[in-house]
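Scroll down for the structure; my scribbles are underneath it.
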Amino acid sequence: TSDGTGLHHLVFEVVDNSIDEALAGYCDDILVTIHADGSLSVIDNGRGIPTGVKMDDKHEPKRSAAEIALTELHAGGKFNQNSYKVSGGLHGVGVSCVNALSVWLKLTVSRDGQRYEIDFSRGHVQNRLIEVVDGAEVSPMRVVGESDKRGTKVHFLPDQEIFKENFDFRYEILAKRLRELSFLNNGVRIRLKDERDGKEDDFSGAGGVKGFVEFINGTKKVLHPTAFHAMGSRPAETYGGIPGTEIGVEISMQWNDSYGEQVLCFTNNIPQRDGGTHLTGLRAAMTRVIGKYIEQNDLAKKAK
Numbered sequence: 003t004s005d006g007t008g009l010h011h012l013v014f015e016v017v018d019n020s021i022d023e024a025l026a027g028y029c030d031d032i033l034v035t036i037h038a039d040g041s042l043s044v045i046d047n048g049r050g051i052p053t054g055v056k057m058d059d060k061h062e063p064k065r066s067a068a069e070i071a072l073t074e075l076h077a078g079g080k081f082n083q084n085s086y087k088v089s090g091g092l093h094g095v096g097v098s099c100v101n102a103l104s105v106w107l108k109l110t111v112s113r114d115g116q117r118y119e120i121d122f123s124r125g126h127v128q129n130r131l132i133e134v135v136d137g138a139e140v141s142p143m144r145v146v147g148e149s150d151k152r153g154t155k156v157h158f159l160p161d162q163e164i165f166k167e168n169f170d171f172r173y174e175i176l177a178k179r180l181r182e183l184s185f186l187n188n189g190v191r192i193r194l195k196d197e198r199d200g201k202e203d204d205f206s207g208a209g210g211v212k213g214f215v216e217f218i219n220g221t222k223k224v225l226h227p228t229a230f231h232a233m234g235s236r237p238a239e240t241y242g243g244i245p246g247t248e249i250g251v252e253i254s255m256q257w258n259d260s261y262g263e264q265v266l267c268f269t270n271n272i273p274q275r276d277g278g279t280h281l282t283g284l285r286a287a288m289t290r291v292i293g294k295y296i297e298q299n300d301l302a303k304k305a306k
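Take 3 as the starting number for the sequence shown in the numbering used here and just add one per residue.
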């Protein structure tokens, strides 16, 4: 896109996969690095993208689950109800789009005591490894060593022929969204490093949703020192959702001396710029409860 949003959205698609692992309880450390050559990498300590060959794959040779995830749309876990109970992806195209729009992409996965790699160029596998298993040709990921860690690293260089003049990652755009994600996913360490000028930020310890409100009010005069904060959850099945999952709600508010309001709504980390039923319900509940409190305590009369 001409305004550079498309370039940065590539990063957020990859980060969303790491955040999904965090939401599922398997990841608590994400590192985003802008490299000196203009490439970018995202490393997490999640379970690692599955590396096994899918023997039911209709493709010849039969491919690894990781290759399928990086070359086919809607092949990721968020389209399978059993994979993620909560998912933050917006379009579901994820890393496969990043792969197609990159001059090169290297995927490194550490899991099951091994480190695996696979390389792509503009969406196509490079130096494909072919083996024969039970009479069928298969194309596994290449084992490059042992590893006592687990996680996924996606390292890619966007295609300048596609992104034209908006080819350079802007630190402040990435920092704004990563800081936001850190607030929304308390307990997950998210870091951003820029090898071009040595700048870096660690967004861990942001303070969750309550810290988010306090951060927004940082330069304003607040009317009460402590931000209101509440959270809770209910079985999703009660509201027609998937059995065994929950609908969680977290809210924080703090009034300041501004003339206008600033309300930010998110669902599974995705911003709702126009609000939604959750905001409508909150406004209705607050109006009802505060109105009842005023009536019960004769505050309207006392204010006259």
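Think of the CB as a built atom: it goes at the ideal place given N, C-alpha and C, for glycine as much as any other residue.
| query | result |
| --- | --- |
| To the nearest angstrom, how far is it from the Cα of aspartate 59 to the Cα of histidine 231? | 48 angstroms |
| Buried or exposed for glycine 234, going by 16 or more other Cβ atoms inside 10 Å? | exposed |
| Which same chain residues end up closer than 6 angstroms to tryptophan 106 when comparing Cβ atoms and leaving out the 5 residues on each side of it in sequence? | Ser123, Leu159 |
| Rounded to the nearest angstrom, what separates glutamine 128 and threonine 282 at their Cα positions? | 51 angstroms |
| To the nearest angstrom, report how far apart isoleucine 249 and valine 211 are at their CA atoms. | 17 angstroms |
| Give the straight-line distance between the Cα atoms of asparagine 258 and valine 291, rounded to the nearest whole angstrom. | 21 angstroms |
| Would you grab the beta carbon distance between isoleucine 32 and isoleucine 192 for me? Rounded to a whole angstrom, and I think it's under 8 angstroms. | 5 angstroms |
| Note the first and the last residue of the continuous beta strand (DSSP E) segment covering threonine 154. | 153–160 |
| Spatial neighbours of leucine 225 within its chain, please: CB distance less than 7 angstroms, with the 5 preceding and 5 following residues excluded, ordered by chain position. | Trp257, Asn258, Asp259 |
| Please classify leucine 301 as buried or exposed, where buried requires at least 16 neighbouring CB atoms within 10 angstroms. | exposed |
| Note down the Cα distance separating glutamine 116 from methionine 57, rounded to an integer number of angstroms. | 21 angstroms |
| Check each candidate in Glu297, Cys267, Pro273, Gln298 and name the one with the smallest Cα separation from arginine 285. | Cys267 |
| Let me check one thing: in DSSP terms, what residues is aspartate 203 bridge-paired to? | Leu194 |
| Measuring straight from C-alpha to C-alpha, what distance separates phenylalanine 185 and serine 20? | 15 angstroms |
| For the beta strand (DSSP E) holding phenylalanine 122, just list the boundary residues, first then last. | 116–123 |
| Here's the rule I'm using: 16 or more other beta-carbon atoms within 10 Å means buried, otherwise exposed. How should threonine 279 be labelled? | exposed |
| Looking at the unbroken alpha helix (DSSP H) that takes in leucine 33, where does it start and where does it end? | No alpha helix (DSSP H) contains leucine 33, which is instead part of the beta strand (DSSP E) from 31–36. |
| How big is the Cα-Cα spacing for phenylalanine 14 and arginine 181? | 12 angstroms |
| Between alanine 27 and asparagine 101, what straight-line distance do the alpha-carbon atoms span, to the nearest angstrom? | First, the residue type needs correcting, since residue 27 is glycine and not alanine in the sequence shown. Approximately 26 angstroms, taken between the alpha carbons. |
| In angstroms with no decimal places, state the Cα-to-Cα distance between asparagine 219 and asparagine 271. | 21 angstroms |
| Could you check how far apart the C-beta atoms of alanine 71 and valine 97 are, in whole angstroms? I think they sit under 8 angstroms. | 7 angstroms |
| Kindly list the residues whose CB is nearer than 6 angstroms to the CB of valine 146, restricted to its own chain and excluding five residues on each side of it in sequence; keep chain order. | Arg117, Glu119 |
| Going by DSSP in three states, valine 291 sits in which element: helix, strand or coil? | helix |
| Figure out for me which residue from Pro237, Ile253, Pro52 has the closest Cα to the Cα of threonine 247. | Pro237 |
| Would you kindly report the start and end of the unbroken beta strand (DSSP E) that includes arginine 144? | 144–148 |
| Based on DSSP bridge pairs, tell me the residues matched to histidine 231. | Ser254 |
| Alpha carbon to alpha carbon, how far is glutamate 74 from alanine 67? Give it in angstroms, no decimals. | 10 angstroms |
| Taking 7 angstroms as the threshold (C-beta atoms), are valine 251 and alanine 229 in contact? | no |
| Check whether the Cβ atoms of valine 190 and alanine 24 lie closer than 7 angstroms to each other. | yes |
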